[in-house]
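Residue numbers (our numbering): 9 to 239. Structure record follows, encoded as structure tokens.
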């Protein structure tokens with residue numbers, strides 16, 4: 009973990025900033041390894057859906073509504089149903105990107121994708137708090153607190169990066185600058201799978217993940233502070 013942290017804290021060189029790419033730190037993200045094979049698997053289903061007239065935005069909205077169904081499922085103690093709904097949400101989240109790449113990405117699509125994803129992510133800890141407020145209340149609040157840090161630092165960096173014309177070479181097809189970190193999409197979904205399979209572990213898992221999320225937030229603050237210092 010120390011080696012990972014020191015690597016993440018490495019300041020980008022001015023040359024790297026001028027060529028508008030994110031340094032090797034992005035390679036530490038699980039997402040950067042999962043997305044290329046995911047794109048290959050989803051390419052043909054996306055082409056089929058596009059032929060049927062299904063838009064990327066329709067897939068985004070459908071996936072969001074289905075994923076949000078995990079909230080009442082968890083609150084009522086139906087964790088297997090919640091796991092299924094989360095899985096469908098993730099499949100549709102991958103498909104909407106695949107369809108968008110073939111049809112042509114839009115700013116509206118990029119906005120919907122990231123805004124609805126963050127809202128969906130926050131719904132899962134809240135659902136566990138509703139399921140057992142006494143056992144999960146503090147840990148759930150801490151996890152949501154940490155999500156605010158990771159999401160706000162992600163979006164703040166993306167806004168300034170857009171203004172500077174920067175792109176993330178690790179994920180250049182994303183609609184916005186995709187900033188790396190220790191806790192990203194794949195890690196978050198892995199947490200959701202774990203706590204749905206073993207609900208009693210929620211307090212421990214939530215606190216551990218929140219600690220990593222706070223570390224990610226601090227690292228991103230450092231990246232922003234040092235990267236945007238260059239003129």
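For each residue, glycine too, the CB sits at the ideal point set by N, CA and C.
Residues near residue i by beta carbon distance below 8 Å, same chain, minus five either side
| i | result |
| --- | --- |
| residue 116 | 65 |
| residue 111 | 58, 63 and 64 |
| residue 95 | none |
| residue 153 | 218 |
Cut-off 7 Å between Cβ atoms - residues of its own chain near residue i, not counting five sequence neighbours on either side
| i | result |
| --- | --- |
| residue 157 | 221, 222 and 225 |
| residue 51 | 106 |
| residue 213 | 199, 202 and 203 |
| residue 81 | 89, 90 and 93 |
| residue 23 | In this predicted model, residue 23 has a pLDDT of only 42, less than 50, meaning its place in the structure is not dependable enough to derive any value. |
| residue 143 | 211 |
| residue 141 | none |
| residue 60 | none |
Which of helix, strand or coil DSSP assigns to residue i
| i | result |
| --- | --- |
| residue 86 | coil |
| residue 172 | coil |
| residue 160 | helix |
| residue 192 | coil |
| residue 112 | coil |
| residue 145 | helix |
| residue 187 | coil |
| residue 2 | With the chain running from 9 to 239 in the structure shown, residue 2 is simply not present. |
| residue 236 | coil |
| residue 206 | coil |
| residue 140 | coil |
| residue 71 | helix |
| residue 180 | Because residue 180 sits at a pLDDT of 49, beneath the cut-off of 50, its placement in the model cannot be relied upon, and the following sentence gives the value as read from the coordinates. Three-state result, residue 180: coil. |
| residue 102 | helix |
| residue 77 | coil |
| residue 30 | Low confidence applies here, because residue 30 scores a pLDDT of 47, under 50, leaving its location unreliable and the question unanswered by this model. |
Beta-carbon contacts of residue i that lie in its chain and below 6 Å, excluding the five residues immediately before and after
| i | result |
| --- | --- |
| residue 231 | none |
| residue 91 | 204 |
| residue 145 | 137 |
| residue 217 | 199 |
| residue 69 | none |
| residue 159 | 126 |
| residue 71 | 97, 100 and 101 |
| residue 237 | none |
| residue 121 | 68 |
| residue 79 | 131 and 135 |
| residue 124 | 72 |
| residue 172 | none |
Closer than 9 Å to chain D by CB, residue i
| i | result |
| --- | --- |
| residue 88 | The displayed structure is made up of one protein chain only, and chain D is not part of it. |
Integer Cβ distance of residue i from residue j, believed to fall under 8 Å
| i | j | result |
| --- | --- | --- |
| residue 128 | residue 97 | 7 Å |
| residue 139 | residue 83 | 5 Å |
| residue 147 | residue 210 | 6 Å |
| residue 104 | residue 67 | 4 Å |
| residue 155 | residue 228 | At roughly 13 Å, the Cβ-Cβ gap does not stay under 8 Å, so residue 155 and residue 228 are not in contact. |
| residue 215 | residue 150 | 6 Å |
Report task. Report yes or no: do three or more beta-carbon pairs, one from the stretch 128–136 and one from the stretch 75–87, lie closer than 8 Å? Result -> They touch, by the three-pair rule.
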